[in-house]
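Asker: If you count the sequence shown from 1, position 24 lands on 74 in our numbering, and the numbers rise without skipping.
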Amino acid sequence: MANLKNKNLISISDYNKEEYLEILRIAEEFEKNPKQEILKDKVVASIFFEPSTRTRLSFESAASMLGAKVIGFSNPASTSQSKGESLHDTIKMLSSYSDIIVMRHSIEGAARYAAEVSSVPLINAGDGANQHPTQCMLDLYSILKTQGTLENLNITMVGDLKYGRTVHSLVQAMCNFNATFHFVSPNELKMPSSVKMYIKEANLNYHQYTDLNEVIPFSDIIYMTRIQRERFSDPLEYEKVKDSYILDAAMLKGCKNTMRILHPLPRVNEIAADVDKTTNAYYFQQARNGVYVRQALMAAILGVK
Ligand code: CP
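1. Determine the burial state of residue 168: buried for a count of at least 16 other Cβ atoms within 10 Å of its Cβ, exposed for fewer.
2. Which stretch, first to last residue, makes up the beta strand (DSSP E) that contains residue 279?
3. What residues match up with residue 272 in a beta bridge as DSSP calls it?
4. For residue 263 and residue 328, I'd like the C-alpha separation in whole angstroms.
5. Under 7 Å Cβ to Cβ from residue 69, same chain only, skipping five residues before and after it: list those, please.
6. By alpha-carbon positions, which one of 241, 143, 287, 199 ends up nearest to residue 229?
7. Quick one: any contact between the region 126 to 144 and the region 188 to 206, if contact means 3 or more CB pairs under 8 Å?
8. Which residue comes first and which comes last in the alpha helix (DSSP H) that contains residue 348?
9. Considering only the beta carbon of each residue, do residue 345 and residue 80 sit closer than 7 Å?
10. In terms of residues, what are the limits of the beta strand (DSSP E) holding residue 150?
11. In terms of residues, what are the limits of the alpha helix (DSSP H) holding residue 184?
12. For residue 341, which residues in the same chain have their Cβ closer than 6 Å to its Cβ, ignoring the five residues on either side in sequence?
13. Note down the Cα distance separating residue 335 from residue 71, rounded to an integer number of angstroms.
14. For residue 104, which residues from the same chain have a beta carbon less than 7 Å from its beta carbon, with the 5 sequence-adjacent residues on both sides left out?
15. Would you kindly work out how many angstroms separate the C-alpha atoms of residue 202 and residue 269, rounded to a whole number?
16. Assign residue 249 to one of three DSSP states: helix, strand, or coil.
17. Sort out for me which residues DSSP pairs residue 30 with in a bridge.
18. Using a Cβ-Cβ cutoff of less than 6 Å, which residues in the same chain neighbour residue 236 once the five nearest sequence positions on both sides are dropped?
19. Mind the definition here: the region 166 to 181 touches the region 213 to 223 only if three or more C-beta pairs lie below 8 Å; say whether that holds.
20. Would you mind working out which of 254, 218, 297, 274 sits nearest residue 312, comparing C-alpha positions?
21. Alpha carbons only, please: which of 325, 207, 323 is nearest the one belonging to residue 258?
22. Does the Cβ of residue 105 lie closer than 6 Å to at least one heavy atom of the ligand CP?
23. Given this structure, state the Cα-to-Cα distance separating residue 221 from residue 129, to the nearest angstrom.
24. Give a yes or no on contact between the region 84 to 100 and the region 114 to 131, applying the rule of three or more CB pairs nearer than 8 Å.
25. Expressed to the nearest angstrom, what Euclidean distance is found between the alpha-carbon atoms of residue 254 and residue 232?
26. Return the Cβ separation of residue 163 and residue 343 in integer angstroms, given the expectation that the two are a contact with Cβ distance under 8 Å.
27. Return the Cβ separation of residue 284 and residue 324 in integer angstroms, given the expectation that the two are a contact with Cβ distance under 8 Å.
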């Protein structure tokens, strides 16, 4: 059995297939019984230098259901960073106030750096356009729950594949499960070469498209993403691509009955409201799964599961 005690989670590739499956197994236990006071003596530091709804609040909800105390901030302007304190010193302090740190930051690599400074384990809750490994774990959990397996699936990813950190993490993880990848994006927002290299090194295949309708009939999962406005340096470039893909219910005619639509959320325009009522929509349940998966991660890393 995998032992994750004190193991940081910075990139999804820090964990191996056995460790993913162990987290999913524990998450399933928490889904059946989410209120267990097993972290009563623990303090979780939840520090968000970038906006978040789901990640921050599902971590805090997960910690509360396990009996942990939560400290932290969601507005860095209210901290001594606004007086010039460095990330190094902030992390040094927090690691003496808590048992585990959950951090989101806008700078790629900030989580890896913080983990090196911290004396307690650190979980990356998203670092710039780089990685979002806990979202990836809940995506894996959602795929497993809806498809009954993680193996041999056609995984379609749509939208901002350049800046969308969730798709970068998910490709890396699904390379362990013999996936075939289908990437649908505007030319300006294609999947980065570094991620495509990862697929090639795993001896798997990917295909690239600009037309979403082409892939709907054979996809097992359609993973929609928001165009990441905050990562564009030129607002005009964002305006050009912002509504590139809008999935609506009529487009789902001819899809597999078992196909499920995922989205890390928040959505802007990329999934029409009429999709919400279809049996293919799974994105709100996916977000709820985040609580169980984050319970599993904290419990395993703190050595109580
Ligand atoms: N999926 C996700 O990371 O959502 P938030 O930005 O609201 O945390």
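We put the beta carbon where it would ideally sit given N, CA and C, even for glycine.
Source: prediction; values computed, not measured.
Answerer: Concretely, from the data shown:
1. buried
2. From DSSP, residue 279 is part of no beta strand (DSSP E); its letter is neither H nor E.
3. 206, 311
4. 17 Å
5. 52, 54
6. 199
7. no
8. 333 to 351
9. yes
10. 150 to 155
11. 183 to 197
12. 108, 111, 112
13. 20 Å
14. 315, 337, 340
15. 11 Å
16. helix
17. An answer regarding residue 30 cannot be provided, because it is not within the stretch 51 to 355 covered by the chain.
18. 291, 294
19. yes
20. 274
21. 207
22. yes
23. 35 Å
24. yes
25. 12 Å
26. Incorrect: roughly 25 Å between the Cβ atoms, too far for contact.
27. Not a contact, Cβ separation roughly 33 Å.
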